[in-house]
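*Asks:* One structure, pasted below without further comment.
Numbering (my numbering), first residue to last: 77 to 339.
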């Protein structure tokens, strides 16, 4: 994606997440998704660590880490999300976490600035995940850790295509939910070693999921049709089913703890 395209997509990100900021900051599902409570434990964060949370949204991950360490910085492209994050941090009485606006493709920090760099539910919004990962590595201290928690798709190309089609219909800022083979290639190309990996399956109500992004009614109807058609043969790899008259599907999360080795 050229510079003009990157700026255009950045505007899409800001438009969508400005719209979503209020519901995201109030959503219990968003607070809990991707194993929030266990992330600092998996990262083995120490009280002396300086932590960076990229694409922090309303700050849930940053604030969780702030309970375990001396300093956390959260960055996001969307001003409205940062406002929500600051308000939530004040409400929770956390004075060791700060938030600032930044582009994750060009982090405004010196090399080797952080002991731990984390992100949750963000990589599927990145047109160039390799660039973002390279920036995470650049700002990481020697012997530091990277933690990524995100939804995954199936390696099967047909299931991957349908899964991502539905995701993009729901949220135009979605790029790609990566299958495991792409995650592993991404890490390998960045010179990263997976030292821990945890799988989480979290059921989601389809209507609640679309309400979070304020998906228009006509698009919701199309997504419901696609979900219904996908049930036979599990065509999205998400175990779509009907529970108490409502469509439910599984979010297949992976939490990766990554070690860059000698830097």
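Even glycine gets a Cβ: it sits at the ideal position worked out from N, Cα and C.
Per DSSP, what kind of secondary structure is residue 148 in: helix, strand or coil?
*Replies:* strand
*Asks:* DSSP state of residue 260, grouped into three classes?
*Replies:* helix
*Asks:* Thinking C-beta only, is residue 191 closer than 8 angstroms to residue 125?
*Replies:* Yes.
*Asks:* Using the beta-carbon count (16 or more within 10 Å), is residue 134 buried or exposed?
*Replies:* By the 10 Å Cβ count, residue 134 comes out buried.
*Asks:* Consider the C-beta atom of residue 189 and the heavy atoms of the ligand MN; say whether any pair is separated by less than 7 angstroms.
*Replies:* This structure does not include the ligand MN; it has no bound ligands of any sort.
*Asks:* Do you know offhand how far residue 224's Cα is from residue 174's?
*Replies:* 20 angstroms
*Asks:* Helix, strand or coil, according to DSSP, for residue 284 in the structure here?
*Replies:* In this structure, residue 284 counts as helix in the three-state DSSP scheme.
*Asks:* For residue 195, tell me which candidate among 312, 213, 131, 112 has the shortest Cα-Cα distance.
*Replies:* Of the candidates 312, 213, 131, 112, the one whose C-alpha sits nearest the C-alpha of residue 195 is 131.
*Asks:* Would you kindly work out how many angstroms separate the C-alpha atoms of residue 254 and residue 247, rounded to a whole number?
*Replies:* 16 angstroms
*Asks:* Could you have a look at residue 179 and say whether DSSP puts it in helix, strand or coil?
*Replies:* coil
*Asks:* Residue 210 and residue 161 look like a contact to me (Cβ under 8 angstroms); what is the Cβ gap, rounded to whole Å?
*Replies:* The pair is not a contact, with the Cβ atoms about 25 angstroms apart (cut-off 8 angstroms).
*Asks:* Report, in whole angstroms, the separation of the C-beta atoms of residue 262 and residue 206, which I expect to be a contact under 8 angstroms.
*Replies:* 6 angstroms
*Asks:* To the nearest angstrom, how far is it from the Cα of residue 242 to the Cα of residue 250?
*Replies:* Cα to Cα, the separation comes out at about 10 angstroms.
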